[in-house]
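Chains as they are written, first to last, in our numbering: chain A, 1318 to 1632; chain B, 1318 to 1632.
Number of protein chains: 2
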Amino acid sequence: MSAITVSRALREPARVAEETRRAVLRAIARLGYVPDLVAGALASRRSRIVGAIVPTIAGAMFADTVQGMSDAVHAEGYQLLLGAHGYDLGAELALVQAFIGRRADGLIVTGVQHAPATRRILAASGLPVVETWDIGRRPLDMIVGFSNFRAARAMAEYLLARGYRRLAFISGPLRAHDRSRPRRDGFRAGARHAALVELHMTDGSDMRSGAKAIVELLARDPKVDAAFFVNDTMAAGALMECTRRGWPTPGRVAIAGFGDFEVAAAVAPALTTVRISGYEIGRRAALMLTARLAGKEVSHAIVDLGFEVVARDSA
Amino acid sequence: MSAITVSRALREPARVAEETRRAVLRAIARLGYVPDLVAGALASRRSRIVGAIVPTIAGAMFADTVQGMSDAVHAEGYQLLLGAHGYDLGAELALVQAFIGRRADGLIVTGVQHAPATRRILAASGLPVVETWDIGRRPLDMIVGFSNFRAARAMAEYLLARGYRRLAFISGPLRAHDRSRPRRDGFRAGARHAALVELHMTDGSDMRSGAKAIVELLARDPKVDAAFFVNDTMAAGALMECTRRGWPTPGRVAIAGFGDFEVAAAVAPALTTVRISGYEIGRRAALMLTARLAGKEVSHAIVDLGFEVVARDSA
DNA sequence: ATGAAAGCGCTAACAC
DNA sequence: GTGTTAGCGCTTTCAT
Chain A
1318 MSAITVSRAL REPARVAEET RRAVLRAIAR LGYVPDLVAG ALASRRSRIV
1368 GAIVPTIAGA MFADTVQGMS DAVHAEGYQL LLGAHGYDLG AELALVQAFI
1418 GRRADGLIVT GVQHAPATRR ILAASGLPVV ETWDIGRRPL DMIVGFSNFR
1468 AARAMAEYLL ARGYRRLAFI SGPLRAHDRS RPRRDGFRAG ARHAALVELH
1518 MTDGSDMRSG AKAIVELLAR DPKVDAAFFV NDTMAAGALM ECTRRGWPTP
1568 GRVAIAGFGD FEVAAAVAPA LTTVRISGYE IGRRAALMLT ARLAGKEVSH
1618 AIVDLGFEVV ARDSA
Chain B
1318 MSAITVSRAL REPARVAEET RRAVLRAIAR LGYVPDLVAG ALASRRSRIV
1368 GAIVPTIAGA MFADTVQGMS DAVHAEGYQL LLGAHGYDLG AELALVQAFI
1418 GRRADGLIVT GVQHAPATRR ILAASGLPVV ETWDIGRRPL DMIVGFSNFR
1468 AARAMAEYLL ARGYRRLAFI SGPLRAHDRS RPRRDGFRAG ARHAALVELH
1518 MTDGSDMRSG AKAIVELLAR DPKVDAAFFV NDTMAAGALM ECTRRGWPTP
1568 GRVAIAGFGD FEVAAAVAPA LTTVRISGYE IGRRAALMLT ARLAGKEVSH
1618 AIVDLGFEVV ARDSA
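1) If you draw a straight line from the alpha carbon of phenylalanine 1463 (chain A) to that of valine 1351 (chain A), how long is it in whole angstroms?
2) For valine 1383 (chain A), name the three-state secondary structure that DSSP assigns.
3) Taking Cβ-Cβ distances shorter than 8 Å, what residues in chain B pair up with valine 1355 (chain A)?
4) Using a threshold of 8 Å, state whether the C-beta atoms of threonine 1297 (chain A) and valine 1371 (chain A) are closer than that.
5) At 9 Å on the CB atoms, spell out the chain B contacts of serine 1324 (chain A), in chain order.
6) In the DSSP assignment, find the unbroken beta strand (DSSP E) run with arginine 1592 (chain B) in it and report its ends.
7) Is the beta carbon of valine 1367 (chain A) closer than 8 Å to that of glycine 1423 (chain A)?
8) Under the rule that 16 or more other beta-carbon atoms within 10 Å means buried, what is threonine 1589 (chain A), buried or exposed?
9) With DSSP run on the structure shown, which of helix, strand or coil describes glycine 1480 (chain B)?
10) Specify whether the segment 1343-1361 of chain B and the segment 1410-1417 of chain B touch according to this definition: at least 3 beta carbon pairs, one from each stretch, less than 8 Å apart.
11) Start and end of the beta strand (DSSP E) containing threonine 1519 (chain A)?
12) Which bits of chain B does aspartate 1495 (chain A) rub up against, with CB to CB less than 8 Å?
13) Mind listing the chain A neighbours of methionine 1391 (chain B)? Cutoff is C-beta to C-beta under 9 Å, in chain order.
14) How would you call histidine 1617 (chain B), buried or exposed, if buried means at least 16 neighbouring beta carbons within 10 angstroms?
15) Quick check: what's the CA-CA separation for asparagine 1548 (chain B) versus leucine 1516 (chain B)?
16) Less than 8 Å separating the beta-carbons of arginine 1496 (chain A) and aspartate 1458 (chain A)?
17) How big is the Cα-Cα spacing for arginine 1600 (chain A) and histidine 1391 (chain A)?
18) Output yes or no for whether 8 Å exceeds the beta carbon distance between isoleucine 1593 (chain B) and alanine 1468 (chain B).
19) Determine the direct distance from the alpha carbon of valine 1429 (chain A) to that of tyrosine 1404 (chain A), and round the result to whole angstroms.
20) With burial defined as no fewer than 16 other Cβ atoms inside 10 Å of the residue's Cβ, what is the status of histidine 1402 (chain B): buried or exposed?
21) Identify the contact partners of glycine 1349 (chain A) in chain B, using a Cβ-Cβ distance below 8 Å as the criterion.
22) Relative to the C-alpha of methionine 1481 (chain A), which residue among A:Gly1568, A:Gly1595 and A:Val1383 is closest?
23) Alanine 1583 (chain A) CB to nearest chain B CB: under 8 Å?
24) Return the CA-CA distance between methionine 1557 (chain B) and valine 1584 (chain A), expressed in angstroms with no decimal places.
25) By the criterion of Cβ-Cβ separation under 8 Å, what are the contact partners of proline 1352 (chain A) in chain B?
26) According to DSSP, what are the bridge partners of serine 1488 (chain A)?
27) Taking contact to mean at least 3 C-beta pairs separated by less than 8 Å, is the segment 1437-1448 of chain B in contact with the segment 1383-1399 of chain B?
28) Does any residue of chain B bring its CB to less than 8 Å from the CB of serine 1594 (chain A)?
29) If you drop the 5 nearest sequence neighbours on each side, which residues of the same chain put their C-beta closer than 6 Å to that of arginine 1501 (chain B)?
30) Counting only the same chain and skipping the five closest in sequence on each side, list residues whose C-beta sits under 8 Å from that of leucine 1412 (chain B).
31) Return the bridge partner residues of glycine 1427 (chain B) from the DSSP annotation.
32) With the cut-off set at 8 Å, would you say alanine 1344 (chain B) and valine 1333 (chain B) are in Cβ contact?
33) If you run the structure through DSSP and keep just helix, strand and coil, what is alanine 1585 (chain B)?
34) Does serine 1364 (chain B) pass the burial test, meaning 16 or more other C-beta atoms within 10 Å, or should it be called exposed?
35) Would you check if the distance between the CB atom of leucine 1477 (chain A) and the CB atom of alanine 1571 (chain A) is smaller than 8 Å?
36) Does the Cβ of arginine 1470 (chain A) have 16 or more other Cβ atoms within 10 Å, making it buried, or fewer, making it exposed?
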């Protein structure tokens, strides 16, 4: 029996006689044969690999997204090649190049800001690409996310509606290319003429830096009555710090977060936040990509998953 | 100029004349040539891919580990193929097969419990393998982790030393093959003759189920004075629930967690826990693997990263 | 329903 | 320091 028959028995069972197919399967089981997908990829020019690039895997923000991508990609018979760029666009470029060199069938990247060289290479590769965690007028190709600007603006409006008058926006380092900036801009837009102080911590956006931030904020401007944090992790850290110091929230200062991470509903008092689903972003991005790869017309190349202000006790 | 010269200019610049090398680089830049690593892998029989399998990516437990693997693997010039099996050994087998079929140069798996077929295939493949998050007498090949049994036992001894007399062990579903069981066994061993109640929540091991668990526990046995949770996420959820109900911790009940996740130090009261480093486990596992692949003798095939009981305020 | 021939794009091995 | 030859293990294409 020739190699091609084995290949067909595995990939297109219908095109092989029932008896032949069974013989092949028996032999495979006996010999412990494992098809070489590398050779297959070279010959067929399809690797069944999806490359995914996130800023970071640790932390509640993108871990869910990676999980969503992993689940969807494996369900569709693909494998996930993963890279983290640490908010460095140069590192993102290197990863894109490496993944293209690996002949990934498609790529998922985070955000809409990329180095010019990255855009160029991506376009030249002709690969399907999904951008995530944002919504842009002109995606590279496909995009799934939500408007960070509008989400943050909605939170500012919510806080104003609740009667808070002196607002603060708190984030980690404000980079040119992450999602802190549109959130800051959106919050500014929503704050309108209300007093607004901004604080950008240089040492991260984790719970500890949230705790430091709330103390620093109130030292700098004791009259602030509501603080919006760029993510729930920071916000929860701030909330705990207030508890520790006996500052009631929202009595002393109201606190709001972003993301509706697990911690948001669990802390006491429960955290007012903006709900978005990282898992769903990852899942949808992967499904759009694999649908396109299966030759299906992807009608909605721009998927806005939206957001929702979740009013809880902290603000 | 022949193809092999280009290949050498890229992979072993020293073996090519300086001038030739520069000409190659210029041409590559001009043409936008991207070497096909799939073809390279087929020809050289080395893919420079590391396959990694974790139970889940979401959640504080393994996200750090994946980050550590990603960082180390990329630093060593490899790519990371990632899969999550959701605590299903059958799914683990499927991933192992797929990664071997992809001709990964080595594999990182979680834990020491694997389906017989998985062990067989792994052995037959001859690939270097690192098991993680545990320590076993007889690893498949290499292993990096710590003793879950001893870590949990140490926590029981700590609680006893602090004067608690009626202990509880709380986990999510107790599977045959995850790390809840050795922790439970270790805690039992450490509890000796002290009263011990065990509670296994069926619906997960997240903050919400931790919150439910502490209520259920104290309803069932109001005299319990210290509860040890299988991870910090559950413990933090329980802690918050106590705060919400006005139950002082440790006044009403002491609470201890496992992992020293970010949340442990940040909650109020700060959480007593067992410190281990998921990031370091991932990083070391990847480095052991790449060292072996580089032909280096890996002297310590068994790396015990240890643990440390961190006494804070909650217990 | 099955097979033969060719070749995917690279690198190992061996010249020169 | 560079080139030639062969072949990695599959799949494509075209026959039969």
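Just so it is clear, CB atoms sit at the ideal spot from N, CA and C, and this is done for glycine as well.
With the structure as the only source:
1) For this step, residue 1463 (chain A) is matched to residue 146 along the first sequence. For this step, residue 1351 (chain A) is matched to residue 34 along the first sequence. As the crow flies, the alpha-carbon of phenylalanine 1463 (chain A) is around 42 Å from that of valine 1351 (chain A).
2) Along the first sequence, read from residue 1 onward, the residue named residue 1383 (chain A) stands at position 66. Secondary structure at valine 1383 (chain A): helix, using DSSP grouped into helix, strand and coil.
3) Here residue 1355 (chain A) refers to the residue found at position 38 when the first sequence is read from its first residue. Under the 8 Å cutoff, chain B gives Val1355, Ala1358, Leu1359, Ser1364, Arg1419 and Arg1420.
4) With chain A covering 1318 to 1632 only, the question about residue 1297 (chain A) has no answer from this structure.
5) As a working note, residue 1324 (chain A) is residue 7 in the first sequence. By Cβ distance, chain B contributes nothing, its closest Cβ being about 14 Å from serine 1324 (chain A), past 9 Å.
6) Within the second sequence, residue 1592 (chain B) is the residue found at index 275, counting from 1. Looking at the DSSP string, the run of the beta strand (DSSP E) that includes arginine 1592 (chain B) is 1590-1592.
7) Residue mapping note: residue 1423 (chain A) aligns to position 106 of the first sequence, counting from 1. Residue mapping note: residue 1367 (chain A) aligns to position 50 of the first sequence, counting from 1. The beta carbons of glycine 1423 (chain A) and valine 1367 (chain A) sit closer together than 8 Å.
8) As a working note, residue 1589 (chain A) is residue 272 in the first sequence. With 16 or more Cβ atoms within 10 Å of its Cβ, threonine 1589 (chain A) is classed as buried.
9) As a position in the second sequence, residue 1480 (chain B) is number 163, starting the count at 1. In the structure shown, glycine 1480 (chain B) sits in coil (DSSP, three-state: anything other than H, G, I, E or B).
10) Contact fails: fewer than three Cβ-Cβ distances are below 8 Å.
11) If you number the first sequence from 1, residue 1519 (chain A) lands on position 202. No beta strand (DSSP E) contains threonine 1519 (chain A), which DSSP labels as neither H nor E.
12) The sequence position of residue 1495 (chain A) within the first sequence is 178, counting from 1. Going along chain B, no residue has its Cβ under 8 Å from aspartate 1495 (chain A), so there is no contact; the nearest lies around 17 Å.
13) In the second sequence, counting from the first residue as 1, residue 1391 (chain B) sits at position 74. Per the sequence presented here, residue 1391 (chain B) reads as histidine, with methionine not at that position. Below the 9 Å Cβ cutoff, chain A contributes Gly1400, Ala1401, Ala1408, Ala1411, Leu1412 and Ala1415 as neighbours of histidine 1391 (chain B), in chain order.
14) For the purposes of this step, residue 1617 (chain B) is taken as the residue at position 300 of the second sequence. By the 10 Å Cβ count, histidine 1617 (chain B) comes out exposed.
15) Position 231 of the second sequence, counted from the start, is the residue given in the question as residue 1548 (chain B). Position 199 of the second sequence, counted from the start, is the residue given in the question as residue 1516 (chain B). Computed Cα separation, rounded: 14 Å.
16) Position 179 of the first sequence, counted from the first residue, corresponds to residue 1496 (chain A). Position 141 of the first sequence, counted from the first residue, corresponds to residue 1458 (chain A). At least 8 Å separates the beta-carbon of arginine 1496 (chain A) from that of aspartate 1458 (chain A).
17) Against the first sequence, residue 1600 (chain A) aligns to sequence position 283. Against the first sequence, residue 1391 (chain A) aligns to sequence position 74. The straight-line gap from Cα to Cα measures roughly 11 Å.
18) The residue labelled residue 1593 (chain B) in the question sits at position 276 within the second sequence. The residue labelled residue 1468 (chain B) in the question sits at position 151 within the second sequence. Going by C-beta atoms, isoleucine 1593 (chain B) is nearer than 8 Å to alanine 1468 (chain B).
19) Counted from its first residue, the first sequence places residue 1404 (chain A) at position 87. Counted from its first residue, the first sequence places residue 1429 (chain A) at position 112. C-alpha separation (whole angstroms): 13 Å.
20) Residue numbering aside, residue 1402 (chain B) sits at position 85 when the second sequence is read from its first letter. With 16 or more neighbouring CB atoms inside 10 Å of its own CB, histidine 1402 (chain B) falls in the buried class.
21) Here the question's residue 1349 (chain A) lines up with position 32 in the first sequence. Ile1438 and Ala1441, listed in chain order.
22) Residue 1481 (chain A) sits at position 164 when you count from the first residue of the first sequence. Note on identity: in this sequence residue 1481 (chain A) is tyrosine, with methionine being the wrong assignment. Per the Cα distances, A:Gly1568.
23) If you number the first sequence from 1, residue 1583 (chain A) lands on position 266. Yes - at least one Cβ of chain B is within 8 Å of the one on alanine 1583 (chain A).
24) Your numbering for residue 1557 (chain B) matches position 240 in the second sequence. Your numbering for residue 1584 (chain A) matches position 267 in the first sequence. Going by the C-alpha atoms only, they are around 6 Å apart.
25) Translated into positions along the first sequence, residue 1352 (chain A) becomes position 35. Identification of chain B residues near proline 1352 (chain A) by a Cβ-Cβ cut-off of 8 Å yields Gly1418, ordered along the chain.
26) For this step, residue 1488 (chain A) is matched to residue 171 along the first sequence. When DSSP reads this structure, serine 1488 (chain A) sits in a beta bridge with A:His1517.
27) The segment 1437-1448 of chain B makes no contact with the segment 1383-1399 of chain B: fewer than 3 CB pairs, one atom from each, lie closer than 8 Å.
28) To locate residue 1594 (chain A), count along the first sequence from 1; it is residue 277. Nearest CB-CB separation between serine 1594 (chain A) and chain B: not below the 8 Å threshold.
29) Along the second sequence, one-based indexing puts residue 1501 (chain B) at 184. Cβ neighbours of arginine 1501 (chain B) within its own chain (closer than 6 Å, five residues either side excluded): Phe1486.
30) Locating residue 1412 (chain B) in the second sequence gives position 95, counting from the first residue. Gly1368, Ile1370, Gly1400 and His1402, listed in sequence order.
31) To locate residue 1427 (chain B), count along the second sequence from 1; it is residue 110. The question names glycine, but residue 1427 (chain B) in the sequence shown is threonine. In the DSSP output, where bridge partners are listed per residue, threonine 1427 (chain B) has B:Thr1449.
32) Along the second sequence, one-based indexing puts residue 1344 (chain B) at 27. Along the second sequence, one-based indexing puts residue 1333 (chain B) at 16. Result no, Cβ atoms of alanine 1344 (chain B) and valine 1333 (chain B) do not sit closer than 8 Å.
33) What you label residue 1585 (chain B) is simply residue 268 of the second sequence in a count that begins at 1. Of the three classes helix, strand and coil, the one that applies to alanine 1585 (chain B) here is coil, per DSSP.
34) Here residue 1364 (chain B) corresponds to residue number 47 of the second sequence, with the count starting at 1. Buried: at least 16 other Cβ atoms inside 10 Å.
35) Counting from one through the first sequence, the residue named residue 1477 (chain A) turns up at place 160. Counting from one through the first sequence, the residue named residue 1571 (chain A) turns up at place 254. By the CB criterion at 8 Å, leucine 1477 (chain A) and alanine 1571 (chain A) fall outside the cutoff.
36) Position 153 of the first sequence, counting from 1, holds the residue named residue 1470 (chain A). Buried, because 16 or more other Cβ atoms sit within 10 Å of the Cβ of arginine 1470 (chain A).
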